[in-house]
Amino acid sequence: MVTIMKLPANLSRISFAASTVAVCFFGALLHGEDRPPNILFILSDDHAAKAVSAYDGSLNRTPHLDRLAAGGMLFRNASAANAICGPSRASILTGKHSHRNGMVGNIGVSSAFDGSQITFPKLLRDGGHQTALIGKWHLRSEPTGFDHWEILIGQGPYYNPPMLTAQGPTEHTGYTTDIITDLCLDWLQNQRDPAKPFLLLKHHKAPHRTWMPGPDHLTKFGDVFIPEPPTLFHDYGGLSRAATMQELEIDRHLHFYYDLKLPPRPGFDLSPNGYLVQARRFYETRFTPEQKQAWDAAYREENEAFYNALEAGMGHRDIVRWKYQRYIKDYLRTVASLDDNIGRILDYLDESGLAENTIVIYASDQGMFLGERGWYDKRWHYEESLGLPLIIRWPGVTGPGSETTRLAQNIDLAPTLLEAAGIAPPEGMQGRSLAPLLRGEEPEDWRRAVYFHYYEYPAYHAVNRHYGLRTDRHKLAYFYELDEWELFDLQRDPHELNNAWRDPHYRDILADLQNLLSELRTQYGDLHSDKIPFAELREMSVEEIARVSLEGPSEAP
Ligand code: CA
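Under numbering that gives the first Met the number 0, the first residue of the sequence shown carries the number 0, and numbering increases by one thereafter.
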């Protein structure tokens with residue numbers, strides 16, 4: 000015990016049978032030289048790695064995220080377990096796949112996150128961290144495991160957000176990305192207990208739909224042509240039927256008014272859906288007069304020019320191109336504010352001296368289609384959606400500007416942060432600590448593949464249910480309700496355009512990957528959840544979903 004305590008907290012990996020022993024150990028650390036690190040966990044919503052310049056740089060610049068990457072480790076191959084918002088958040092909190100934390104989809108009357116589960120914030124708090132959550136939660140149940148929380152209500156608006164705390168509702172005027180940062184800075188400066196290490200979850204709404212830019216960036220990219228992805232007009236040739244059944248095309252499904260801020264005009268039949276028109280009108284009623292004036296001024300001229308072009312006979316492809324430009328520019332404008340605000344909090348950590356003993360994590364809940372295949376939204380197993388940006392700066396541990404291509408997954412974050420605090424992960428946590436990778440080690444027994452499972456169908460955007468795996472070279476997905484597979488060779492076909500499922504050259508590889516998939520489904524206890532309709536799964540308790548996933552649905556009496 001004494002020997003162990005002399006190890007630096009951030010380098011020790013200690014397993015204890017009983018968590019109480021771990022807590023005692025942690026308590027000892029608190030009073031020693033090796034105080035466990037603080038943790039600032041910045042989570043965004045729908046931020047594609049392609050829109051972080053440390054990853055790509057073809058679309059935009061994110062100087063503050065790049066600065067974080069320059070001081071830490073960038074994960075090139077990080078994935079979600081279920082590439083949609085609420086389920087990804089639940090996987091992050093619990094370190095478990097969806098069928099084990101109960102959050103299989105976003106929608107459902109009784110499918111709120113079960114907050115009685117063990118989560119990493121609870122374990123950190125038990126171990127001595129002061130815990131806070133500020134920003135987007137979107138799990139439809141009250142947060143648990145936090146000494147302080149202030150959350151957006153549901154998705155939350157981009158402007159003037161009403162928020163909730165344990166003590167009741169709060170009101171704010173301004174841009175939500177700025178406000179979340181203001182609240183985090185206030186908590187760090189004025190409410191934090193300096194005697195304890197802290198865990199702060201700074202969770203942003205941006206850059207989630209409907210991509211409303213902040214006052215500082217309303218006209219950014221105004222005269223710039225953002226490069227179009229080569230697959231903007233992809234025809235889904237060779238892919239599964241699922242690809243043709245979806246409803247997330249920029250062309251057919253992105254709404255001119257709700258999504259693209261083009262007010263309807265008599266004589267033009269562009270904005271057919273009454274609900275979405277009402278929703279956009281509601282957003283605009285939330286503006287202050289000054290905000291409304293700036294907003295209208297930013298879009299007026301471009302909107303006018305578009306209507307004029309339509310009247311002059313603008314062709315269908317050019318209309319799609321216009322929609323893409325409006326979509327991507329608004330998206331990148333919200334990212335610009337996000338990045339500014341990451342800069343603000345990094346500055347504070349530097350100026351206060353906290354940076355020296357604070358782990359900073361940046362991640363998105365999943366990725367996002369930015370026009371690839373002609374799509375927006377996420378949900379899919381394709382890299383744009385399943386992949387996510389993940390950057391971790393751990394002072395004294397991560398090599399500055401380091402990178403890894405090892406396979407990481409959102410379920411790994413909980414065990415990673417527990418290890419950082421010297422707390423053993425509880426039984427049943429399915430992720431694996433990334434700490435060896437962060438230390439620059441090359442573990443020989445690192446995982447060969449990540450497993451994923453998307454459940455939410457039938458539902459918005461009509462993405463069929465599928466499960467599968469990704470190795471460092473291949474992607475295999477099974478659309479079980481269609482009995483169709485997709486297999487991609489990521490080395491030869493990084494854009495996942497050539498489905499090799501029926502290619503005889505890949506017969507052996509397919510068989511090997513299908514075996515590996517069976518092993519993963521056994522390992523994670525997800526053998527039967529595909530046999531149960533989503534509408535039934537989403538109404539089940541955590542225990543029921545875990546049981547039927549392992550054992551199968553009960554026989555009717
Ligand atoms: Ca999301």
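We put the CB at the ideal spot given by N, CA and C, even for glycine.
Query raised in the report: If you draw a straight line from the alpha carbon of Gly26 to that of Glu550, how long is it in whole angstroms?
Result: With a pLDDT of only 39 at Gly26, under 50, the local geometry of the prediction cannot be trusted, and no value is derived from it.
Query raised in the report: Thinking C-beta only, is Gly101 closer than 7 Å to Leu113?
Result: Here residue 113 turns out to be Asp, not Leu, going by the sequence shown. Taking 7 Å as the Cβ cut-off, Asp113 and Gly101 qualify as a contacting pair.
Query - Assumed close pair Leu261, Asn302 - CB separation to whole angstroms, cut-off 8 Å - result: 5 Å
Query - Exercise answer, beta-carbon shell around ligand 1 heavy atoms below 5 Å - result: Asp44, Asp45, Cys84 and Asp364
Report task. Report the three-state DSSP secondary structure of Phe487 (helix, strand or coil). Result -> strand
Query raised in the report: In chain order, which continuous runs of the beta strand (DSSP E) of length 3 or greater are located wholly inside the segment 395-457?
Result: 401-408 and 449-453
Query raised in the report: To the nearest whole angstrom, what separates the beta carbons of Ala79 and Leu369, a pair I think is in contact under 8 Å?
Result: Their Cβ separation, rounded to whole angstroms, is 16 Å, which puts Ala79 and Leu369 out of contact at 8 Å.
Query raised in the report: Looking at Leu433 and Asp411, is the spacing between their C-beta atoms short of 7 Å?
Result: yes
Query - Exposure of Asn37, with buried meaning 16 or more beta-carbon neighbours within 10 Å - result: buried
Query - Close beta carbons around Leu10, own chain, < 8 Å, minus the five adjacent residues each side - result: Legend: pLDDT at Leu10 = 38, less than 50; position of this residue unreliable, no value from coordinates given.
Query - Top-ranked residue by Cα proximity to Asn81, from Pro457, Val334 and Gln408 - result: Gln408
**Report entry** Integer Cβ distance of Gly173 from Asn159, believed to fall under 8 Å
**Finding:** 7 Å
Report task. With DSSP as the reference, label His98 as helix, strand or coil. Result -> helix
**Report entry** Bridge partner(s) assigned by DSSP for Gly342
**Finding:** Answer is none; Gly342 lacks a bridge partner.
**Report entry** the segment 241-256 / the segment 372-391 touching (three or more Cβ pairs under 8 Å)
**Finding:** yes
**Report entry** Nearest residue (CA-CA) to Tyr235, options Thr175, Asn498, Ile531 and Pro532
**Finding:** Asn498
Query raised in the report: Leu536 to Leu516, Cα distance in whole Å?
Result: 22 Å
**Report entry** For Thr333, three-class secondary structure by DSSP
**Finding:** helix
Report task. Look at the alpha carbon of Asp295 and the alpha carbon of His207, and state the distance between them as a whole number of angstroms. Result -> 21 Å
Query raised in the report: When burial is assigned at 16 or more other CB atoms within 10 Å of the CB, is Arg240 buried or exposed?
Result: exposed
Query raised in the report: Who does Gln129 pair with in a DSSP beta bridge?
Result: Phe197
Query raised in the report: Should the segment 508-525 be called in touch with the segment 463-477, which here means at least 3 C-beta pairs below 8 Å?
Result: yes
Query raised in the report: Going by other Cβ atoms of all chains shown within 10 Å of its Cβ, with 16 needed for buried, is Tyr274 buried or exposed?
Result: exposed
Query raised in the report: Can you pull the DSSP bridge partners for Trp148?
Result: Leu132
**Report entry** Buried/exposed call for Ala448, threshold 16 Cβ in 10 Å
**Finding:** buried
Query - Same chain only: Cβ atoms within 6 Å of Lys614, ignoring 5 sequence neighbours per side - result: Limits of the chain in this structure are 0 at one end and 556 at the other, which puts residue 614 out of reach.
Query raised in the report: So is Asn59 buried or exposed if we call it buried at 16+ other beta carbons inside 10 Å?
Result: buried
Report task. Would you kindly work out how many angstroms separate the C-alpha atoms of Ala194 and Tyr459, rounded to a whole number? Result -> 47 Å
Report task. Leaving out five residues on either side along the sequence, give the residues of the same chain with a beta carbon under 6 Å from the beta carbon of Pro86. Result -> Ser97 and Met102
Report task. From the DSSP output, read off the bridge partner residues of Lys474. Result -> Arg469 and Phe487
Requested in this report: Pair every Cβ in the segment 141-148 with every Cβ in the segment 118-125, then say whether three or more of these pairs are closer than 8 Å.
Outcome: yes
Query raised in the report: Should Val334 go down as buried or exposed, given a rule of 16 or more other Cβ atoms within 10 Å for buried?
Result: buried
Query raised in the report: Count the other CB atoms within 10 Å of the CB of Ala545; is the residue buried (16 or more) or exposed (fewer)?
Result: buried
Query - Pick from Ile179, Asn463, Gly221 and His504 that is closest to Asp482, judged by C-alpha positions - result: Asn463
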